[in-house]
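Colleague: 7 is the number of the first residue of the sequence shown in my numbering; add one for each residue after it. C-beta atoms are modelled at their ideal positions from N, C-alpha and C, and glycine is treated no differently. Just so you know, these numbers come straight off a predicted model, no measurement behind them.
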Amino acid sequence: MPKIFEWSGYKFFFFSNEGTPRERCHVHVRKGEKTAKFWIEPSVTLESAYEMSSQELNKIEKVILEKSDLIRSKWNEFFRA
């Protein structure tokens, strides 16, 4: 499970096996039992969330928007290596 970065106790990561065929670029977010999945492409969009408030999700989405280039870079580096 490659970790991309942490922010305010949230871990941003993807799984090393993202399905066959592989899903498009996205990021998973976890803090304790709280989880979410955001698509990065074609645009940052919430896919699913568990136990996260809308306020948390809005803040996380802003962080993902700011870090989307880093997320794409890490995704491409890992899966195209």
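Whole alpha helix (DSSP H) runs in the stretch 48-72 with 4 or more residues, listed along the chain?
Modeller: Segments of the alpha helix (DSSP H) lying fully in the stretch 48-72: there are none.
Colleague: For the beta strand (DSSP E) that contains I10, what are its first and last residues?
Modeller: 9-13 is the span of the beta strand (DSSP E), which, as asked, contains I10.
Colleague: Might you give, ordered along the chain, the residues of its own chain that have their beta carbon closer than 8 Å to the beta carbon of E39, omitting 5 neighbours on each side?
Modeller: Correct list, in chain order: Y56, E57.
Colleague: Of all the options E47, S22, Q61, which has the alpha carbon lying nearest to the alpha carbon of R86?
Modeller: When only C-alpha atoms are compared, the closest one is S22.
Colleague: My output table needs one value for R36: the three-state DSSP class, helix, strand or coil.
Modeller: In this structure, R36 counts as strand in the three-state DSSP scheme.
Colleague: Given that a residue counts as buried once 16 or more other Cβ atoms are within 10 Å of its Cβ, and exposed if not, what is F84?
Modeller: With fewer than 16 Cβ atoms within 10 Å of its Cβ, F84 is classed as exposed.
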